[in-house]
Amino acid sequence: MHPTTEPTVPHRKTVPSRASRFRKFWNNRTLLLMSLPAIVFFIVFAYLPMPGLYLAFIKYNYSDGIFRSPFVGFDNFRFLVMNGDLWRLTINTIAYNLAFIVLGNVLQILVAVLLNELRRKWFKKIAQTFMFLPHFISAVLIGLIAYNILNYEYGLLNGMLQAFGFEKMKTYSNPDIWPFIIVLTYLWQSTGYGSIVYFAAIMGLDNEIVEASEIDGANAFQRIRYIVLPWLKPTFIILLLFSLGGILKGNFGLFYNLVGANNTSLYATTDIIETYVFRSLMNNFNFSIGSAVSLYQSVFGFFVVITANWLVRRLSPENSLF
């Protein structure tokens, strides 16, 4: 006789009970409370306004409201295309943001590493304070300072050039030099504050690893190259992916206060999507066109993040977002 075999019972996925789920939430209540402000922030400012995307597809008027205004489809998106400026604005915005992201992160890492190498705590605190101050200066004040330096008649730059026997420079009519001015101004304002994240990451480095490298004879440059920089790699990748999401969204406050919105001689190198939309809609508050442009920027940024994360997952899976 053949031995009898018991029928196999298909494996069923166990569903956690309500009590176990509540216990899991209760055990992690401290972490949940710490993350609650961020959760509320994104719900209020990111998810609840999402129905407003419908504005991009209607011809909005105040009397009918959002959902009663006439539907016009993609007519609002033709605002940029029909004027023939979409390519120039997109290239300018992406080029500036790439410069901000790449140069900004490199300088922030450099500043964080140099601060970590300082041995005198009092000097480190003073250096951090002076580097953080530009971040808290208003863009309006930065524009005023730049105007007093670059003004053709009474600017500090032209005063110094005249004192040394050189001709005055017409800065506000020379579009070629403004990319350097804008990038340098952004780096001056943001590098010190942006280095906080990298400096905090370095503080999480195990001191025993550093001490072991010193015992083995590693100098400061070798410690930075083989220990500190690899340690900062995940932080750099995460910040890079986050920054790429807004690669098509320009720093309107910086551009508007440095250059202005009506200086036609500088449009070729300083005009970005935000300044163009502001200038075009200044006398006609068309919320539908503004929403269409914002949606275009968000969708573009979404695909950039997805593509960049796919590349990171192929090269370094442990550092990808998802």
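The sequence shown begins at 101 in this note's numbering and counts up by one.
Think of the CB as a built atom: it goes at the ideal place given N, C-alpha and C, for glycine as much as any other residue.
Those residues which DSSP pairs with residue 158 across a bridge: Within the sequence shown, the letter at position 58 stands for residue 158. BP columns for residue 158 point to 171.
Would you list, in sequence order, the uninterrupted beta strand (DSSP E) runs of no fewer than 3 residues that lie entirely inside the segment 233-290? none
Between the Cα of residue 372 and those of 388, 190, 268, 214, spot the shortest distance and give me the residue it belongs to. As a working mapping, residue 372 is identified with position 272 in the sequence shown. Measuring from the Cα of residue 372, the nearest candidate turns out to be 190.
Write down the C-beta distance between residue 275 and residue 375 rounded to the nearest angstrom, noting that I regard them as a contact closer than 8 Å. As a position in the sequence shown, residue 275 is number 175, starting the count at 1. As a position in the sequence shown, residue 375 is number 275, starting the count at 1. About 14 Å separates the two Cβ atoms, so there is no contact after all.
Backbone secondary structure at residue 204 - three-state DSSP: For the purposes of this step, residue 204 is identified with residue 104 of the sequence shown, where counting begins at 1. Here residue 204 sits in helix by DSSP.
Give the straight-line distance between the Cα atoms of residue 320 and residue 141, rounded to the nearest whole angstrom. Taking the sequence shown and counting its residues from 1, the one referred to as residue 320 is at position 220. Taking the sequence shown and counting its residues from 1, the one referred to as residue 141 is at position 41. Each residue's Cα considered, the two are about 42 Å apart.
Spatial neighbours of residue 290 in its chain, beta-carbon cut-off 7 Å, leaving aside the 5 residues before and after: As a first step, residue 290 is located in the sequence shown; it is residue number 190 there, counting from the start. Hits under 7 Å: 204, 235.
Answer with buried or exposed for residue 391, where buried requires no fewer than 16 other C-beta atoms within 10 angstroms of its C-beta. Here residue 391 refers to the residue found at position 291 when the sequence shown is read from its first residue. Its Cβ being crowded by 16 or more others within 10 Å, residue 391 is buried.
Within a Cβ cutoff of 6 Å, which residues of the same chain sit near residue 249, ignoring the five residues on either side of it in sequence? On the sequence shown, residue 249 is found 149 positions in, with the first residue counted as 1. Hits under 6 Å: 255, 256, 257.
Return the residue from the list 122, 128, 359 that minimises the CA-CA distance to residue 251. To locate residue 251, count along the sequence shown from 1; it is residue 151. If we check each option's Cα against that of residue 251, 359 comes out closest.
Is the segment 309-319 touching the segment 222-233, taking contact as three or more C-beta pairs under 8 Å? no
Going by beta-carbon coordinates alone, are residue 239 and residue 353 separated by less than 8 Å? In the sequence shown, residue 239 corresponds to position 139, counting from 1. In the sequence shown, residue 353 corresponds to position 253, counting from 1. For residue 239 and residue 353, yes; Cβs fall inside 8 Å.
Delimiting residues of the alpha helix (DSSP H) encompassing residue 134: On the sequence shown, residue 134 is found 34 positions in, with the first residue counted as 1. First-last of the alpha helix (DSSP H) with residue 134: 129-142.
Would you tell me roughly how many angstroms separate the C-alpha atoms of residue 338 and residue 325, rounded to the nearest one? By 1-based counting over the sequence shown, the position of residue 338 is 238. By 1-based counting over the sequence shown, the position of residue 325 is 225. Residue 338 and residue 325: Cα-Cα distance of roughly 20 Å.
Can you look up residue 319 in the DSSP assignment and give me helix, strand or coil? In the sequence shown, the residue the question calls residue 319 occupies position 219. Reduced to three states, the DSSP call for residue 319 is coil.
For my contact list, residue 192 and residue 347 are in at a C-beta cut-off of 8 Å; report their separation, rounded to the angstrom. Working through the sequence shown from its first residue, we reach residue 192 at position 92. Working through the sequence shown from its first residue, we reach residue 347 at position 247. 12 Å between Cβ atoms; not a contact.
If you measure between the beta carbons of residue 345 and residue 405, is that distance less than 8 Å? Residue mapping note: residue 345 aligns to position 245 of the sequence shown, counting from 1. Residue mapping note: residue 405 aligns to position 305 of the sequence shown, counting from 1. In this structure, residue 405 lies closer than 8 Å to residue 345 by Cβ.
Exposed or buried, residue 278, counting other C-beta atoms within 10 Å across all chains shown (16 or more means buried)? Looking up residue 278 in the sequence shown gives position 178. So residue 278 ends up on the buried side.
Whole-Å CB distance - residue 156 paired with residue 176, under 8 Å assumed: If you number the sequence shown from 1, residue 156 lands on position 56. If you number the sequence shown from 1, residue 176 lands on position 76. Right, their Cβ atoms sit about 6 Å apart.
Nearest residue (CA-CA) to residue 273, options 362, 130, 287: Stepping through the sequence shown from its first residue, residue 273 is reached at position 173. Closest option to residue 273, Cα to Cα, is 362.
What is the rounded straight-line gap between the Cα of residue 413 and the Cα of residue 422? Start at 1 with the first residue of the sequence shown, and residue 413 comes out as number 313. Start at 1 with the first residue of the sequence shown, and residue 422 comes out as number 322. For residue 413 and residue 422, the distance between alpha carbons rounds to 8 Å.
Excluding the 5 residues preceding and the 5 following residue 263 in the sequence, name in chain order all residues of the same chain whose CB lies nearer than 6 Å to its CB. What you label residue 263 is simply residue 163 of the sequence shown in a count that begins at 1. Nothing meets the Cβ criterion.
By a C-beta neighbour count over all protein chains shown, 10 Å radius and 16 as the cutoff for buried, is residue 335 buried or exposed? If you number the sequence shown from 1, residue 335 lands on position 235. Burial call: buried.
Between which two residues does the alpha helix (DSSP H) containing residue 333 stretch? Here residue 333 is taken as the residue at index 233 of the sequence shown, counted from 1. Counting along the chain, residue 333 sits inside the alpha helix (DSSP H) bounded by residues 329-344.
In whole angstroms, what separates the C-alpha of residue 288 from that of residue 171? Residue numbering aside, residue 288 sits at position 188 when the sequence shown is read from its first letter. Residue numbering aside, residue 171 sits at position 71 when the sequence shown is read from its first letter. So the alpha carbons of these two residues sit roughly 46 Å apart.
On a Cα-Cα basis, can you pick out the residue from 217, 136, 215, 188 that is closest to residue 367? As a first step, residue 367 is located in the sequence shown; it is residue number 267 there, counting from the start. Ranking 217, 136, 215, 188 by Cα distance to residue 367 puts 188 first.
Beta carbon of residue 388 nearer than 8 Å to that of residue 158: Counting from one through the sequence shown, the residue named residue 388 turns up at place 288. Counting from one through the sequence shown, the residue named residue 158 turns up at place 58. Judged by beta-carbon spacing, residue 158 lies within the 8 Å limit of residue 388, meaning their Cβ atoms are closer than that value.
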